[in-house]
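Numbering (the working numbering), first residue to last: 914 to 1203. All residues carry an ideal CB built from backbone N, CA and C; glycine is no exception. It should be emphasised that the depicted structure is a prediction, and the values quoted were computed from it without experimental measurement.
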Ligand SMILES: NC(=O)c1ccc[n+]([C@@H]2O[C@H](COP(=O)([O-])OP(=O)(O)OC[C@H]3O[C@@H](n4cnc5c(N)ncnc54)[C@H](OP(=O)(O)O)[C@@H]3O)[C@@H](O)[C@H]2O)c1
């Protein structure tokens, strides 16, 4: 049963033509260890996804490469037929190999296959948003994204994708993509301690484009900082709550997609992101990644 959830911290943002909650959910942690295979606790994973929707979250980030297919199939099992308000963002650009690696797959035929794979696994006829993921595990790499992003723009014209975004990209690649087709978001690594995109975030905000930081809590290596721990202790909060509240305050175009495999952590994070930070707290936190 869906109760009427209280408004989420951060309110909403309009992605393309859809209002989504700025507090979203990243589904990657639902797959097995190192994002391979099924979760140890299948029902626990479904419970997390129900808690996402019951908590009022309307933005889920996923990829058919997670598992592979595992997170998309869990999302479908838990939530299909999807509530009209739910916006599911996915990404393409890599496959998985038997060792759990993420080999690049960005030729037009690879991308078409990945888009078709996402449509099938999620059980939809049109994908709400597809991010063209560039770069590699080390981060964004220079080079043209024209062929890859142009293929997604064609698939959008074919009616298979509503909105486009880019991920793991340099500022030059963002500009190149925008010269090919409109984008509604950029998804790059960013958090309290990794502030390399500060200027990009501000420029995107001015143009009404969302910035979706991945690894908002540090990803596979939790954020650790004395200053963060000190502010959290002073406020009687967890460092994770402080990190999420800081991101919401950083810029109105930031959308959160923290990942978790635990419904309890999800609820903790929703509540924690609403933490009020003073000017003094914010100034101290701003010093961490600068
Ligand atoms: N575009 C890209 O290249 C890219 C790359 C990576 C990720 N992503 C997206 O970004 C999303 C977020 O990234 P992420 O999940 O890797 O990293 P994250 O959100 O920074 O951190 C997730 C980690 O934090 C832990 N955690 C979360 N809440 C917690 C709490 N309240 N207490 C203790 N531990 C907590 C989780 O463990 P538990 O499961 O135990 O809670 C998990 O290990 C992913 O789900 C994915 O959708 C995109």
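When only Cα atoms are considered, residue 1152 and residue 1021 end up about 42 angstroms apart. Using a Cβ distance threshold of 9 angstroms, residue 1123 and residue 1081 do not count as a contacting pair. Around residue 1041, the same chain offers 1000, 1001, 1075 as residues with beta carbons nearer than 6 angstroms, after the five sequence neighbours per side are excluded.
The three-state reading of DSSP puts residue 1025 in helix, counting H, G and I together. If you look at residue 1111, you'll find it isn't in any beta strand (DSSP E); it sits in the alpha helix (DSSP H) that goes 1111-1119. According to DSSP, residue 1147 shares a beta bridge with no other residue.
In summary, residue 972 is buried, with 16 or more beta-carbon neighbours lying within 10 Å of its beta-carbon over all protein chains present. If you look at residue 1042, you'll find it in the beta strand (DSSP E) that goes 1040-1046. Under DSSP, residue 1049 shares a beta bridge with 1052. Remark: the C-beta of residue 981 is outside contact range of ligand 1, defined as less than 8 angstroms to any heavy atom.
Residues 1059, 1062, 1063, 1066 of the same chain have their beta carbon placed closer than 7 angstroms to that of residue 1093, with the five preceding and five following residues left out of the count. When distances are taken from the beta-carbon of residue 974 to the heavy atoms of ligand 1, the shortest one is below 8 angstroms. When DSSP states are grouped into helix, strand and coil, residue 924 belongs to the coil group. Two segments are said to touch when three or more pairs of C-beta atoms, one from each, lie closer than 8 angstroms; by this definition the stretch 1147-1164 touches the stretch 1185-1203. DSSP places residue 1107 outside any beta strand (DSSP E), giving it a letter other than H or E. Counting other Cβ atoms within 10 Å of its Cβ, residue 1057 stays below 16 and is therefore classed as exposed.
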